[in-house]
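Data first, discussion second: the structure below is written as structure tokens.
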Amino acid sequence: MSFDFDLGFLGGGQLARMSIQAAQQMGFTCLSLDPSGESPASQVAPAVTGSLSNVEAVAQLFRNCARVTLENEFIPAEVIVQALELSGRDPSTLVPNVEALATIQDKLKQRQALAKAGVPGPRAVEIDSDGVGAVAKIGFPMVLKARFGGYDGKGTRYAKSKEEFEDLRSTWSDGGWMAEEFVDFKRELAVMVFRDPVQQGAFPTMETVQVKSVCDLVFPADVDASEVAMAAVEAVDGFGLFGVELFETNDGKFLINELAPRPHNTGHYTLNWGGPSQFQHHVRLVLGLPPAPLDGVPTCMANLLGQPGAGDWRQGLFAATVKDPAVAVHWYGKAVAAPGRKMGHLNVAGADCVARAKAARERFYAAWTAKESVPEEIG
-18 MSFDFDLGFL
-8 GGGQLARMSI
2 QAAQQMGFTC
12 LSLDPSGESP
22 ASQVAPAVTG
32 SLSNVEAVAQ
42 LFRNCARVTL
52 ENEFIPAEVI
62 VQALELSGRD
72 PSTLVPNVEA
82 LATIQDKLKQ
92 RQALAKAGVP
102 GPRAVEIDSD
112 GVGAVAKIGF
122 PMVLKARFGG
132 YDGKGTRYAK
142 SKEEFEDLRS
152 TWSDGGWMAE
162 EFVDFKRELA
172 VMVFRDPVQQ
182 GAFPTMETVQ
192 VKSVCDLVFP
202 ADVDASEVAM
212 AAVEAVDGFG
222 LFGVELFETN
232 DGKFLINELA
242 PRPHNTGHYT
252 LNWGGPSQFQ
262 HHVRLVLGLP
272 PAPLDGVPTC
282 MANLLGQPGA
292 GDWRQGLFAA
302 TVKDPAVAVH
312 WYGKAVAAPG
322 RKMGHLNVAG
332 ADCVARAKAA
342 RERFYAAWTA
352 KESVPEEIG
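Residue numbering for the sequence shown follows the working numbering, starting at -18 and increasing by one per position.
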């Protein structure tokens, strides 16, 4: 069977954009489907504008592409199953596998799969209509999570007491929420895991710093959480590339927070660490190629978020790099730099990478938000 494109992406955000760029370096052709006609991916490869919940639109992507993958995990698994049937394509066309996607995108099922496999993580239960059962099983403090669709702190609430839990009744009483144990953790970690039917492996364990529930900095950790991270991917029987977020407790234990079946923000450092990137691994796994051997140097990634009063981002790039030419800026090409929105990131590899990344970002923000000087009138 002949196809117009080697690789299709469900979603056209920055993760698809960087994966497409990795695929193009290998000579592969790509197509993305996204609701926006001005998606980051559409700037680097052909794109189709359409809803990711439209079965026919998804089926058309399957018809046009030899293999298909995800840019995010929020496309309902049932839509993909129906699209596969409608297009006449085998489920193996999609990587990661749709079964793992269905488990991961329901956070309660994800937590249950991990618990069944003995992978450590906080206990979680469904919040029923009156909430009594969840309170009895989990107690306080409690984390309330939407079972579907939450990310970067969206879909997450906290209750330290029965009164606070009741104050949130309008949020959880209609269903679709779960209660999870609150973890008093020392720090947050992340591991990129890759797995195919023959082998599995992991990128280095990274420490992540969150600001207002959004990833701020990622840098090498002095611990190795790869074993439990790989066990988590096995627990959901996942194949492909996965971002695994973890908690490290004060007594040195690793607990799984959640999984993402795709490239991940915490893996962006691999674009400049000197070894193969997470995006190269993603493409290779989707197309059935073996993952490349890992080898790189310590690297820090700093997210670049939209700022009030932001101007021309190129001014920020110049300021960040002119004093440290080793700084690598990656810009996503989003049309609107809304405050707090992930607009890009920068990587710094080698000695003192964390301090240098922080300093480079400060220079970037200062130049990006600086008011243009107004020349004095000549009188």
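Backbone N, C-alpha and C fix where the C-beta goes; we use that ideal spot for every residue, glycine too. Please read all numbers here as calculations on a predicted model, not as lab measurements.
What's the C-alpha gap between V278 and G(-11)?
By one-based count along the sequence shown, residue 278 stands at place 297. By one-based count along the sequence shown, residue -11 stands at place 8. Each residue's Cα considered, the two are about 31 Å apart.
Can you name the residues that DSSP bridges to C46?
Residue numbering aside, residue 46 sits at position 65 when the sequence shown is read from its first letter. Beta-bridge pairing links C46 to F(-14).
Using alpha carbons as the reference points, say which of R342, D133, G325 lies closest to D370.
Examination of residue 370 is not possible in this model, given that the chain is present from -18 through 360 alone.
Can the beta-carbon of L125 be found closer than 9 Å to that of A94?
Mapped onto the sequence shown, residue 125 falls at position 144. Mapped onto the sequence shown, residue 94 falls at position 113. Going by C-beta atoms, L125 is not nearer than 9 Å to A94.
For the beta strand (DSSP E) that L236 lies in, which residues bound it at each end?
For this step, residue 236 is matched to residue 255 along the sequence shown. First-last of the beta strand (DSSP E) with L236: 235 to 241.
Where do the ends of the beta strand (DSSP E) carrying R138 lie?
Looking up residue 138 in the sequence shown gives position 157. First-last of the beta strand (DSSP E) with R138: 137 to 140.
Quick test of your reading: Q259 and G248, contact by CB under 8 Å. State the CB separation rounded to the nearest angstrom.
Residue 259 sits at position 278 when you count from the first residue of the sequence shown. Residue 248 sits at position 267 when you count from the first residue of the sequence shown. Right, the Cβ-Cβ distance comes to about 4 Å (below 8 Å), so this counts as a contact.
Whole angstroms are fine: how far does the CA of W158 sit from the CA of P122?
Within the sequence shown, residue 122 is the residue found at index 141, counting from 1. Within the sequence shown, residue 158 is the residue found at index 177, counting from 1. Cα-Cα distance, rounded: 16 Å.
Just confirm the distance between the C-beta atoms of D15 and A22, as a whole number of angstroms; I'd bet it's less than 8 Å.
Within the sequence shown, residue 15 is the residue found at index 34, counting from 1. Within the sequence shown, residue 22 is the residue found at index 41, counting from 1. Contact holds; Cβ gap of about 7 Å.
Rounding to the nearest angstrom, what Cα-Cα distance links W349 and C334 in this structure?
Against the sequence shown, residue 349 aligns to sequence position 368. Against the sequence shown, residue 334 aligns to sequence position 353. The straight-line gap from Cα to Cα measures roughly 22 Å.
Beta-carbon within less than 7 Å of S354's beta-carbon, same chain only, minus the 5 sequence neighbours each way: which residues are those?
Locating residue 354 in the sequence shown gives position 373, where the first residue counts as 1. Note that S354 scores a pLDDT of 42, beneath 50, so its modelled location is shaky; the value from the coordinates is reported in the next line. There are no such residues.
What does the Cβ neighbour count give for Q288, buried or exposed, with the cut at 16 atoms within 10 Å?
Translated into the one-based positions of the sequence shown, residue 288 becomes position 307. Flag for Q288 reads buried.
Quick one: measure Cβ to Cβ for L42 and L(-9), integer angstroms, because I've assumed they're closer than 8 Å.
In the sequence shown, counting from the first residue as 1, residue 42 sits at position 61. In the sequence shown, counting from the first residue as 1, residue -9 sits at position 10. 7 Å between Cβ atoms; contact.
Determine the extent of the beta strand (DSSP E) in which H311 is found, giving its start and end residues.
Against the sequence shown, residue 311 aligns to sequence position 330. It spans 309 to 312 - the beta strand (DSSP E) in which H311 sits, taken as one unbroken run.
Between the Cα of Q180 and the Cα atoms of V214, R337, T84, which residue gives the shortest distance?
Position 199 of the sequence shown, counting from 1, holds the residue named residue 180. Ranking V214, R337, T84 by Cα distance to Q180 puts V214 first.
Taking just the CA atoms, how far does K352 sit from D218?
Position 237 of the sequence shown, counting from 1, holds the residue named residue 218. Position 371 of the sequence shown, counting from 1, holds the residue named residue 352. Rounded to the nearest angstrom, the two C-alpha atoms are 52 Å apart.
Does E59 pass the burial test, meaning 16 or more other C-beta atoms within 10 Å, or should it be called exposed?
Translated into positions along the sequence shown, residue 59 becomes position 78. With fewer than 16 other Cβ atoms within 10 Å, it is exposed.
So what's R295 in DSSP terms, helix, strand or just coil?
In the sequence shown, counting from the first residue as 1, residue 295 sits at position 314. Reduced to three states, the DSSP call for R295 is helix.
Spatial neighbours of L297 within its chain, please: C-beta separation below 6 Å, excluding the five flanking residues on both sides.
Taking the sequence shown and counting its residues from 1, the one referred to as residue 297 is at position 316. In the sequence under discussion, the amino acid at residue 297 is Gly, which differs from the Leu named in the question. Closer than 6 Å at Cβ, skipping near neighbours: F345, A348, W349.
How big is the Cα-Cα spacing for Q91 and A212?
If you number the sequence shown from 1, residue 91 lands on position 110. If you number the sequence shown from 1, residue 212 lands on position 231. Their backbone Cα atoms lie some 13 Å apart in a straight line.
Taking the continuous alpha helix (DSSP H) assigned at Q24, which residues delimit it?
Residue numbering aside, residue 24 sits at position 43 when the sequence shown is read from its first letter. That residue, Q24, is in no alpha helix (DSSP H); it is neither H nor E in DSSP.
Taking the alpha-carbon of R265 as reference, which of A202, Q191, D(-13) has the nearest alpha-carbon?
One-based indexing of the sequence shown puts residue 265 at position 284. Among A202, Q191, D(-13), the Cα nearest to that of R265 belongs to D(-13).
How about P274 and G255: are their beta carbons less than 9 Å apart?
On the sequence shown, position 293 is the one that residue 274 refers to. On the sequence shown, position 274 is the one that residue 255 refers to. Cβ atoms of P274 and G255: not closer than 9 Å.
Under DSSP, the alpha helix (DSSP H) around K90 begins and ends at which residues?
Within the sequence shown, the letter at position 109 stands for residue 90. Where K90 is concerned, the enclosing alpha helix (DSSP H) stretches over 88 to 97.
For the stretch 175 to 259, which segments carrying the beta strand (DSSP E) assignment without a break, of at least 3 residues, lie completely within its bounds, in sequence order?
List check, beta strand (DSSP E) in window: 181 to 183, 187 to 192, 195 to 201, 221 to 230, 235 to 241.
Classify G360 as buried or exposed, calling it buried when 16 or more other Cβ atoms lie within 10 Å of its own Cβ.
Working through the sequence shown from its first residue, we reach residue 360 at position 379. Here the model assigns G360 a pLDDT of 32, short of 50, so the residue's position is not dependable, and the following value carries that caveat. With fewer than 16 Cβ atoms within 10 Å of its Cβ, G360 is classed as exposed.
Comparing alpha-carbon positions, which option in T152, A319, S32, Q86 lies nearest P242?
Here the question's residue 242 lines up with position 261 in the sequence shown. Ranking the options by Cα distance to P242, first place goes to Q86.
Assign A341 to one of three DSSP states: helix, strand, or coil.
Translated into the one-based positions of the sequence shown, residue 341 becomes position 360. In the structure shown, A341 sits in a helix (DSSP, three-state: H, G or I).
Between which two residues does the beta strand (DSSP E) harbouring S364 extend?
Limits of the chain in this structure are -18 at one end and 360 at the other, which puts residue 364 out of reach.
State the start and end residues of the unbroken alpha helix (DSSP H) segment that holds E52.
Sequence index remark: in the sequence shown, residue 52 carries index 71 (1-based). Where E52 is concerned, there is no enclosing alpha helix (DSSP H), given that its DSSP letter is neither H nor E.
My output table needs one value for G114: the three-state DSSP class, helix, strand or coil.
The residue given as residue 114 occupies position 133 in the sequence shown. Here G114 sits in helix by DSSP.
Here's the rule: buried if 16 or more other CB atoms are within 10 angstroms of the residue's CB, otherwise exposed. What is G120?
Reading the sequence shown from its first residue, position 139 is the one you call residue 120. When all chains shown are included, G120 counts as exposed.
Comparing C-alpha positions only, which one of F299, R337, G292 sits nearest to A316?
Working through the sequence shown from its first residue, we reach residue 316 at position 335. For A316, the nearest C-alpha among the options comes from G292.
Could you tell me which residues DSSP pairs with H326 in its beta bridges?
For this step, residue 326 is matched to residue 345 along the sequence shown. N284, H311.
In the DSSP assignment, the beta strand (DSSP E) including K143 goes from what residue to what residue?
For this step, residue 143 is matched to residue 162 along the sequence shown. Careful: K143 lies outside any beta strand (DSSP E), inside the alpha helix (DSSP H) at 143 to 148.
The alpha helix (DSSP H) that contains M361, what's its start and end?
Nothing about residue 361 can be reported from this structure: the residues present for the chain run from -18 to 360 only.
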